[in-house]
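Numbering (our numbering), first residue to last: 1 to 353. Where a beta carbon is used, it is the ideal one built from N, C-alpha and C, also for glycine. Single-structure report; data block below.
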Amino acid sequence: MEEGSSAGSGGSDGSTSGSGGAQQRELERMAEVLVTGEQLRLRLHEEKVIKDRRHHLKTYPNCFVAKELIDWLIEHKEASDRETAIKLMQKLADRGIIHHVCDEHKEFKDVKLFYRFRKDDGTFPLDNEVKAFMRGQRLYEKYVALSNKHPFVDSNLLYQFRMNFRRRRRLMELLNEKSPGSQETHDSPFCLRKQSHDNRKSTSFMSVSPSKEIKIVSAVRRSSMSSCGSSGYFSSSPTLSSSPPVLCNPKSVLKRPVTSEELLTPGAPYARKTFTIVGDAVGWGFVVRGSKPCHIQAVDPSGPAAAAGMKVCQFVVSVNGLNVLHVDYRTVSNLILTGPRTIVMEVMEELEC
1 MEEGSSAGSG GSDGSTSGSG GAQQRELERM AEVLVTGEQL RLRLHEEKVI KDRRHHLKTY
61 PNCFVAKELI DWLIEHKEAS DRETAIKLMQ KLADRGIIHH VCDEHKEFKD VKLFYRFRKD
121 DGTFPLDNEV KAFMRGQRLY EKYVALSNKH PFVDSNLLYQ FRMNFRRRRR LMELLNEKSP
181 GSQETHDSPF CLRKQSHDNR KSTSFMSVSP SKEIKIVSAV RRSSMSSCGS SGYFSSSPTL
241 SSSPPVLCNP KSVLKRPVTS EELLTPGAPY ARKTFTIVGD AVGWGFVVRG SKPCHIQAVD
301 PSGPAAAAGM KVCQFVVSVN GLNVLHVDYR TVSNLILTGP RTIVMEVMEE LEC
């Protein structure tokens with residue numbers, strides 16, 4: 001957690017502080033790699049890339065084939081080419097997150113060899129730093145709060161974790177040696193991130209602004225705390241995000257402002273639709289913005305919302321039977337976060353002329 005800094009440090013303290021800062025950055029870097037690796041592991045399990053495999057009459061549980069994984073990474077735009085994919089997986093191997101099933105190969109190779117996440121076979125090394133990280137993650141899932149101006153004391157003050165465990169990471173972040181310095185804003189669990197120009201080919205999804213300019217963004221999708229138990233060092237985890245993460249406040253996708261009264265006017269050119277969206281291991285996959293009414297700002301094409309039929313520019317009428325036409329997106333977001341994994345959303349969309 002972040003805490004207040006002491007005033008008036010001397011010269012020797014500055015040297016100590018510099019050393020401590022380097023150690024802290026390394027710990028943060030280690031934590032980011034752990035999070036990225038775990039997000040990938042959960043995703044590979046969900047898509048059956050990790051599974052029990054047989055070779056020479058022997059079964060190797062919970063493993064993946066290196067060559068197949070590289071194909072998967074390229075297909076899902078997590079790596080631009082095979083060489084990059086190898087470098088990414090080698091980063092995980094160097095940190096002890098994955099290993100060859102028989103520990104015969106230290107280097108990750110583009111061949112038909114079996115590899116496994118150490119989390120899946122119980123061989124992940126649990127030193128003091130990792131144990132602290134695991135404990136921090138469990139606390140994070142229970143208490144997400146704010147403020148960095150006071151030391152930690154038993155009081156009513158609010159604090160903020162140094163890292164956001166739910167931020168969606170992209171594997172390409174593993175090749176960026178700098179620790180991510182920014183996190184999502186706290187006003188909504190569905191905040192937008194703009195991809196760097198070089199990563200336009202590896203988009204999570206796209207949002208079209210009124211000027212028809214294409215902006216590459218990715219959405220934070222909330223992990224379902226209510227439906228998953230806490231095991232290992234992660235209970236559930238979001239999918240991956242852009243690298244480097246740069247906060248932005250994109251323009252509304254709406255062509256013009258629309259009021260709740262306009263939507264409810266008899267004969268208005270809007271159609272009602274109802275979606276039942278079942279959150280997956282990482283959430284629902286859409287972004288809400290606006291106020292009175294809220295609208296769908298962006299939709300992850302690979303997420304549950306898109307599968308249910310949700311589209312950008314739709315207006316949110318109700319969530320789980322509760323009318324939300326006269327509230328802002330923060331209220332809608334909080335309603336979704338504190339509700340069940342399965343949400344029923346009624347929306348209105350403009351009819352095409």
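Does DSSP put V344 in a helix, a strand or coil?
-> Strand at V344.
What are the boundary residues of the alpha helix (DSSP H) that N334 is part of?
-> That run of the alpha helix (DSSP H) goes 329-337.
Unbroken alpha helix (DSSP H) run spanning Q297, endpoints = Looking at the DSSP string, Q297 is not in any alpha helix (DSSP H); the run it does join, the beta strand (DSSP E), is 294-299.
Can you tell me the Cα-Cα spacing of L107 and P301, whole angstroms?
-> It should be pointed out that residue 107 corresponds to Glu in this sequence rather than to Leu. Each residue's Cα considered, the two are about 34 Å apart.
State the start and end residues of the unbroken alpha helix (DSSP H) segment that holds I358.
-> Here the chain covers residues 1 to 353 and nothing more, so residue 358 does not appear.
Reduced DSSP secondary structure (H/G/I, E/B, other) of Y233 = In this prediction, Y233 has a pLDDT of 34, which is less than 50 and means its spatial position is unreliable; nothing more can be read from the coordinates.
Report the option in R341, P269, A31, L335 whose CA atom is closest to the CA atom of L174.
-> Out of R341, P269, A31, L335, A31 has the C-alpha closest to the C-alpha of L174.
Does the count of Cβ pairs from the segment 330-344 and the segment 254-271 closer than 8 Å reach three?
-> no
Does any heavy atom of the ligand ZN sit closer than 6 Å to the C-beta of K311?
-> Only the bare structure without any ligand can be found here, which leaves the ligand ZN out of the picture.
Is the segment 98-105 touching the segment 77-84 in the sense that three or more CB pairs, one from each, lie closer than 8 Å?
-> Short answer: they don't touch.
Who are the Cβ neighbours of M345 in its own chain at under 6 Å, not counting the five residues just before and after it?
-> F275, V319
Smallest Cα separation from M310: which of L325, G321, M348?
-> Nearest C-alpha to M310: M348.
Between W72 and V49, which are expected to be in contact by the criterion C-beta below 8 Å, what is the C-beta distance as a whole number of angstroms?
-> 6 Å
Since L325 contacts A271 with CB under 8 Å, what's their CB separation in whole angstroms?
-> Not quite, the Cβ-Cβ distance comes to about 15 Å (not below 8 Å), so this is no contact.
Coil, strand or helix - D121 by DSSP = helix
Under a Cβ-count criterion, where at least 16 other Cβ atoms within 10 Å of its own Cβ denotes burial, should E38 be classed as buried or exposed?
-> buried
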